[in-house]
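Under our numbering, the first residue of the sequence shown carries the number 101, and numbering increases by one thereafter. Beta carbons are placed, not taken as given, at the ideal position from N, Cα and C, and that holds for glycine. Heads up: the structure comes next, in structure tokens.
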Amino acid sequence: MNCREDGKIMKFKHILPLLAGATALALHPSEAQTIESPLEVRVVVLVNFEVGAIEGDAPGEFQHWYTRGVSGDEKLELVPLPQSSFDAAIDRDRGVLVTYTGLTADRAAASVMAMGMDPRFDFSKAYWIIGGIAGIDPEDGAVGDAVWGEWVVNADWAHEIDPREMPEDWPTGYLPFKRSEPYAQPVGNDYGKVYHLNPTLRDWAYELTKDVELLDTPAMADLRNAYTEHPAARAKPVVKKGDNISASTFWHGKILNEWANQWVRYWTGDEAEFVTSAVEDSGILEAVRFLTAGGKADFDRVMLLRTGSNYTMQPPGLTAAENLDREMNGFGAMESSVEGLWRVGHVVAREISENWGKYEDSPF
Numbered sequence: 101m102n103c104r105e106d107g108k109i110m111k112f113k114h115i116l117p118l119l120a121g122a123t124a125l126a127l128h129p130s131e132a133q134t135i136e137s138p139l140e141v142r143v144v145v146l147v148n149f150e151v152g153a154i155e156g157d158a159p160g161e162f163q164h165w166y167t168r169g170v171s172g173d174e175k176l177e178l179v180p181l182p183q184s185s186f187d188a189a190i191d192r193d194r195g196v197l198v199t200y201t202g203l204t205a206d207r208a209a210a211s212v213m214a215m216g217m218d219p220r221f222d223f224s225k226a227y228w229i230i231g232g233i234a235g236i237d238p239e240d241g242a243v244g245d246a247v248w249g250e251w252v253v254n255a256d257w258a259h260e261i262d263p264r265e266m267p268e269d270w271p272t273g274y275l276p277f278k279r280s281e282p283y284a285q286p287v288g289n290d291y292g293k294v295y296h297l298n299p300t301l302r303d304w305a306y307e308l309t310k311d312v313e314l315l316d317t318p319a320m321a322d323l324r325n326a327y328t329e330h331p332a333a334r335a336k337p338v339v340k341k342g343d344n345i346s347a348s349t350f351w352h353g354k355i356l357n358e359w360a361n362q363w364v365r366y367w368t369g370d371e372a373e374f375v376t377s378a379v380e381d382s383g384i385l386e387a388v389r390f391l392t393a394g395g396k397a398d399f400d401r402v403m404l405l406r407t408g409s410n411y412t413m414q415p416p417g418l419t420a421a422e423n424l425d426r427e428m429n430g431f432g433a434m435e436s437s438v439e440g441l442w443r444v445g446h447v448v449a450r451e452i453s454e455n456w457g458k459y460e461d462s463p464f
């Protein structure tokens, strides 16, 4: 196998020692940490992106975690992850690792798998907080809400017929894989399409954080007030529970919002309620599931926290295209959603990492 670098062909076998050296040197030189004695990670926080610098400008999902840590006032140590999307930010004393996975499910899956196989870290007992901003269904929530999820449904594995060619009595041209009509019964194999997280752990995280005060702004109030037909969309932001659809396409609009609700109900046998929409979660969860099969992670210790940055459909008076165009200039609740991600998530990360004797052998 060959790899091209700077216009030359380099044998892959020559690259392996370089990667191994980079991994070994990535540790802080003053630490005795070695591959033979990996860092026992108690909490992993996986966000998806940063918008600019990792400090000193308008924050994305990573910045608050890096500059505040789990204590609120301790900047974390950066350790290179050359095989993943970005460095790891580490609190060695508490055993906390934070990184961002990169956007898109495939990039996120690759980054998490590479990190999980890194011999410098032991994730076998780690709790995972998968966090990020999200679209939120105005039928169930408001921008700024922080939503703990139990179910994640993959929306990408499907057949599709353009609506202009589908039968007139079909509600959608989007079909379950290996089914010839929408929502056909019986439901097929859901492996890789449905991820059910530990409900006891989800409920514990919600109870621990349900009273956290979330950021609200006048701009968010203006955005909420436009949804005159959706009482839930007009409420001030709170912590709540709700489920997630994971799709690589940034879909938007009333008709697709109805499809998302139906798709989630279909794949979960009406057990889940679609509340948030995001991209990366199915890829991340598939990677953690594979790591669990290899004894390098524990899928039962995974939590999902998504914070509403925008609505998944338009308010009265606007078309879907008009509302999507408006969102291209920036999500109305971006500031609140990244702030809420840290405010809520760090409470859980701190509780577990500072009381490890209570959580090491999971009570959930």
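query = If you draw a straight line from the C-alpha of E380 to the C-alpha of P416, how long is it?
reply = Within the sequence shown, the letter at position 280 stands for residue 380. Within the sequence shown, the letter at position 316 stands for residue 416. Rounded to the nearest angstrom, the two C-alpha atoms are 30 angstroms apart.
task = State the CB to CB distance for the pair T201 and L181, rounded to an integer number of angstroms; the pair is presumed to be in contact (CB under 8 angstroms).
result = As a working mapping, residue 201 is identified with position 101 in the sequence shown. As a working mapping, residue 181 is identified with position 81 in the sequence shown. Not really, about 11 angstroms apart at Cβ, beyond 8 angstroms.
request  = State the CB to CB distance for the pair T407 and A305, rounded to an integer number of angstroms; the pair is presumed to be in contact (CB under 8 angstroms).
outcome  = In the sequence shown, the residue the question calls residue 407 occupies position 307. In the sequence shown, the residue the question calls residue 305 occupies position 205. Not confirmed; about 14 angstroms, so no contact.
inquiry  = Using the three-state DSSP reduction, which class does W165 fall into: helix, strand or coil?
reply    = The residue given as residue 165 occupies position 65 in the sequence shown. Helix at W165.
task = Report all residues from its chain with a CB closer than 6 angstroms to the CB of T309; omit the five preceding and five following residues, and keep chain order.
result = Translated into positions along the sequence shown, residue 309 becomes position 209. So the qualifying residues of the chain are V339, V444 and V447.
ask   = Residues in its own chain within less than 7 angstroms of E460 by CB, not counting five upstream and five downstream?
value = Within the sequence shown, residue 460 is the residue found at index 360, counting from 1. Closer than 7 angstroms at the Cβ level, and outside the excluded window around E460, lie K225.
key: Nearest candidate by alpha-carbon position, reference P276, set W359, S436 and A421   = Against the sequence shown, residue 276 aligns to sequence position 176. With distances taken between Cα atoms, P276 lies closest to W359.
query = Given 8 angstroms as the limit, is there contact between the stretch 141 to 153 and the stretch 414 to 432, that is, 3 or more CB pairs closer than that?
reply = no
query = Helix, strand or coil for E373 per DSSP?
reply = Taking the first residue of the sequence shown as 1, we reach residue 373 at position 273. In the structure shown, E373 sits in coil (DSSP, three-state: anything other than H, G, I, E or B).
request  = Please classify L176: does DSSP put it in a helix, a strand, or coil?
outcome  = Locating residue 176 in the sequence shown gives position 76, where the first residue counts as 1. Correct three-state label for L176: coil.
request  = Measure the C-alpha to C-alpha separation of A122 and M217 and round it to an integer number of angstroms.
outcome  = Counted from its first residue, the sequence shown places residue 122 at position 22. Counted from its first residue, the sequence shown places residue 217 at position 117. Confidence is the limiting factor: at A122 the pLDDT is only 43, short of 50, which leaves the residue's position unreliable, though a coordinate-based value still follows. Cα to Cα, A122 sits roughly 15 angstroms from M217.
query = Who are the Cβ neighbours of P129 in its own chain at under 6 angstroms, not counting the five residues just before and after it?
reply = Sequence index remark: in the sequence shown, residue 129 carries index 29 (1-based). Confidence is the limiting factor: at P129 the pLDDT is only 43, short of 50, which leaves the residue's position unreliable, though a coordinate-based value still follows. Here the set comprises nothing.
ask   = Using a Cβ-Cβ cut-off of 7 angstroms (strictly less than) and excluding sequence neighbours within five positions of P263, which residues of its own chain qualify?
value = Here residue 263 corresponds to residue number 163 of the sequence shown, with the count starting at 1. G273, listed in sequence order.
Beta-carbon proximity of H164 to P238, cut-off 8 angstroms = Along the sequence shown, read from residue 1 onward, the residue named residue 164 stands at position 64. Along the sequence shown, read from residue 1 onward, the residue named residue 238 stands at position 138. No.
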